[in-house]
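Chemist:
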Amino acid sequence: MTNEFCVYIISHQRAERVHTIGALRRAGYTGPIRVVVDDKDPDLSTYRDEFGDDLLVFSKDAYEPKIDLADNEEGQQAAIYAREACWDFAEREGLTYFCVMDDDYDWFGHRLGPRGEYLSSTFWVKDMDSILDAFVRYMDEAPITSIAFSQGGDWIGGEGNTYGGLATKRKAMNSFVLSTERRFKYKGRLNADVNTYVTRGHVGDLFLTYMPIQLNQQHTQEQSGGLTEEYLRLGTYAKSFYTVMMAPSCTTVTVMGESNLRPHHRITWRKAVPKVVPERYRKDDD
């Protein structure tokens, strides 16, 4: 596992705050970790000092013709440049499987117990190697495009959550376990992960979130760097509408949260992806 797998952490202007590395090590991950940044990052020299040979630098200009930001805004403020670069880095390292994560995770925890019971307290993951190995074996056995960890928003409502008791949800956000043999393109300046799993889901690609394991991400719009400035400039309302624009037949904008309410996308899955029709509905050819 440690020789055939790598975690790529995409980062921007957070050279001294790549918290995901510490979170992964505390969770028991022993494999290689690379930090991925663009050549225009003003903190590039600090990244080089911090990470040395574990730093990978790509050119945004080189990837500009290959991506679709889905808007006519100026500038290259978008995570999909780095996400696209990770495919190429993984291929150059001869990897079949790898994982792409953001830089602002502070822990990984268990949300369901060994019998599938809901855990009111989150127990920290201690053997991340085994979890990622299980993800890879799962993808080896099934035509899965990507697997992600659940996030805090997936657990709003606690044990009575809409998805309580489910092992997986049909989505993948923020973290991606990927295969270089199942490459796809991300779409959109903002909400790229949602845009991608919905539009690729239209044609049958299978993106899954594994619910029993949750990552905890720091409040995105309270941390400088990354895409915070773009979120604050355009707002979460505009962010959600990138997906409405790409998939209007199945996407609406609603309100998410308990006390800190904010606009958020809602996917109607029965209108979003192909389904297997039960055999009893088959019509005779004649």
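If you count by this note's numbering, then the sequence shown holds residues 6 to 291, one letter each, in order. Cβ coordinates follow ideal geometry from the N, Cα and C atoms, glycine included. This structure is a prediction, so every number in the text was calculated from the model and none was measured.
By the three-class DSSP mapping on this structure, what secondary structure does H17 have?
Modeler: By 1-based counting over the sequence shown, the position of residue 17 is 12. H17 falls in the coil class under three-state DSSP.
Chemist: Going by other Cβ atoms of all chains shown within 10 Å of its Cβ, with 16 needed for buried, is S180 buried or exposed?
Modeler: Looking up residue 180 in the sequence shown gives position 175. Classification of S180: buried, given that the 10 Å Cβ count is 16 or more.
Chemist: What residues match up with V12 in a beta bridge as DSSP calls it?
Modeler: As a first step, residue 12 is located in the sequence shown; it is residue number 7 there, counting from the start. I38 and C104, per the DSSP bridge assignment.
Chemist: Considering only residues of the stretch 58 to 97, which uninterrupted alpha helix (DSSP H) runs meet the minimum length of 4 residues and lie entirely inside it, listed in chain order?
Modeler: List check, alpha helix (DSSP H) in window: 65 to 68 and 85 to 97.
Chemist: What's the C-alpha gap between D107 and H17?
Modeler: Counting from 1 along the sequence shown, the entry for residue 107 is found at position 102. Counting from 1 along the sequence shown, the entry for residue 17 is found at position 12. For D107 and H17, the distance between alpha carbons rounds to 10 Å.
Chemist: How should G231 be labelled, buried or exposed, when 16 other C-beta atoms within 10 angstroms of its C-beta is the threshold for buried?
Modeler: Position 226 of the sequence shown, counted from the start, is the residue given in the question as residue 231. Bear in mind that the predicted position of G231 carries a pLDDT of just 47, short of 50, making it too unreliable to give a figure here.
Chemist: With which residues is W274 paired in a DSSP beta bridge?
Modeler: Taking the first residue of the sequence shown as position 1, residue 274 is located at position 269. Note: W274 sits in no beta bridge, so no partner.
Chemist: On the DSSP bridge assignment, give the partners of N221 in chain order.
Modeler: Walking along the sequence shown from the start, residue 221 turns up at place 216. DSSP output for N221 lists W112 as bridge partner(s).
Chemist: According to the Cβ coordinates, are A177 and I152 closer than 8 Å?
Modeler: Your numbering for residue 177 matches position 172 in the sequence shown. Your numbering for residue 152 matches position 147 in the sequence shown. Cβ atoms of A177 and I152: closer than 8 Å.
Chemist: Give me the residue from Q82, R120, T150 and A197 with the minimum Cα distance to V208.
Modeler: The sequence position of residue 208 within the sequence shown is 203, counting from 1. Nearest option by C-alpha distance: T150.
Chemist: What separation, rounded to the nearest whole angstrom, lies between the Cα atoms of K65 and K288?
Modeler: As a working mapping, residue 65 is identified with position 60 in the sequence shown. As a working mapping, residue 288 is identified with position 283 in the sequence shown. Distance between the alpha carbons of K65 and K288: 52 Å.
Chemist: Rounded to whole angstroms, what is the Cα-Cα separation between V105 and G80?
Modeler: Within the sequence shown, numbered from 1, the residue matching residue 105 stands at position 100. Within the sequence shown, numbered from 1, the residue matching residue 80 stands at position 75. Distance between the alpha carbons of V105 and G80: 23 Å.
Chemist: Out of F94, Y68, W129 and D76, state which residue places its alpha-carbon closest to the alpha-carbon of A243.
Modeler: Residue 243 sits at position 238 when you count from the first residue of the sequence shown. With distances taken between Cα atoms, A243 lies closest to D76.
Chemist: Could you tell me which residues DSSP puts in a beta bridge with L213?
Modeler: As a working mapping, residue 213 is identified with position 208 in the sequence shown. According to DSSP, L213 bridges with I152.
Chemist: Kindly indicate the opening and closing residues of the beta strand (DSSP E) around S125.
Modeler: Here the question's residue 125 lines up with position 120 in the sequence shown. That run of the beta strand (DSSP E) goes Y123 to W129.
Chemist: Who are the near neighbours of D93 in its chain, counting only those whose CB is closer than 6 Å to its CB and skipping five residues on each side?
Modeler: Numbered from 1 along the sequence shown, position 88 holds the residue referred to as residue 93. There are no such residues.
Chemist: Is the separation between the beta-carbon of L137 and that of F246 shorter than 8 Å?
Modeler: Along the sequence shown, read from residue 1 onward, the residue named residue 137 stands at position 132. Along the sequence shown, read from residue 1 onward, the residue named residue 246 stands at position 241. Not a contact, by the Cβ cut-off of 8 Å.
Chemist: For D346, does the three-state DSSP call read helix, strand or coil?
Modeler: The structure shown does not extend to residue 346, since the chain is modelled only from 6 to 291, so the question has no answer here.
Chemist: With DSSP collapsed to three states, give me the class of V208.
Modeler: Within the sequence shown, numbered from 1, the residue matching residue 208 stands at position 203. In this structure, V208 counts as coil in the three-state DSSP scheme.
Chemist: Using the beta-carbon count (16 or more within 10 Å), is Y68 buried or exposed?
Modeler: Taking the sequence shown and counting its residues from 1, the one referred to as residue 68 is at position 63. Answer is buried; the Cβ neighbour count reaches 16.
Chemist: Can you tell me which of the three DSSP states K192 falls into?
Modeler: Numbered from its first residue, the sequence shown carries residue 192 at position 187. DSSP places K192 in strand when its eight states are reduced to three.
Chemist: State the DSSP-derived secondary structure class of S180, mapped to helix, strand or coil.
Modeler: Position 175 of the sequence shown, counting from 1, holds the residue named residue 180. Reduced to three states, the DSSP call for S180 is coil.
Chemist: Give the straight-line distance between the Cα atoms of T35 and G157, rounded to the nearest whole angstrom.
Modeler: Mapped onto the sequence shown, residue 35 falls at position 30. Mapped onto the sequence shown, residue 157 falls at position 152. Taking the straight line joining both Cα atoms gives about 25 Å.
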